[in-house]
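Residue numbers (the numbering used here): -11 to 113. A virtual CB, placed ideally from N, CA and C, is assigned to each residue, including glycine. None of the values given here were measured: they were computed from a predicted structure. Have a look at the structure below before the remarks.
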């Protein structure tokens, strides 16, 4: 069952942008929602992909699906979920525990071997 016009939409993803906000600067949801970055951290590319997939499987679209009036195509929709606040807090805690010590010697090394795993929320205006 899809939730219509949820108050908050959560999204897991990966990006090479230093600022996660830059990934969403022209996103169609920004017409009706404000963006809030809940978590972002650099991880080796393979690990970030595995973590993103793990969270997407743990919170399946069929259970956490939504739709927004007036926006037919939403970029990144398959990674977006309507997740209640209690579960979001659990996810946030888990992500911060995962971050650990993923430090890279230089920005060049970071850009070459790592991507930013993020968890953001779109909050209805």
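{"query": "Determine, using beta carbons only, whether residue 36 and residue 79 come nearer to each other than 8 Å.", "result": "no"}
{"query": "In whole angstroms, what is the alpha-carbon distance linking residue 107 and residue 58?", "result": "24 Å"}
{"query": "Please name the residue, chosen from 104, 51, 4 and 109, that lies closest to residue 76 on a Cα-to-Cα basis.", "result": "109"}
{"query": "With DSSP collapsed to three states, give me the class of residue 101.", "result": "helix"}
{"query": "Should residue 40 be labelled buried (16 or more other beta-carbon atoms within 10 Å of its own) or exposed?", "result": "buried"}
{"query": "Please classify residue -11 as buried or exposed, where buried requires at least 16 neighbouring CB atoms within 10 angstroms.", "result": "exposed"}
{"query": "What residue range does the beta strand (DSSP E) around residue 22 cover?", "result": "21 to 32"}
{"query": "Could you pull out every residue in the same chain whose Cβ sits closer than 8 Å to the Cβ of residue 5, ignoring the five residues on either side in sequence?", "result": "11 and 104"}
{"query": "Cα separation between residue 16 and residue -1?", "result": "14 Å"}
{"query": "For residue -10, name the three-state secondary structure that DSSP assigns.", "result": "coil"}
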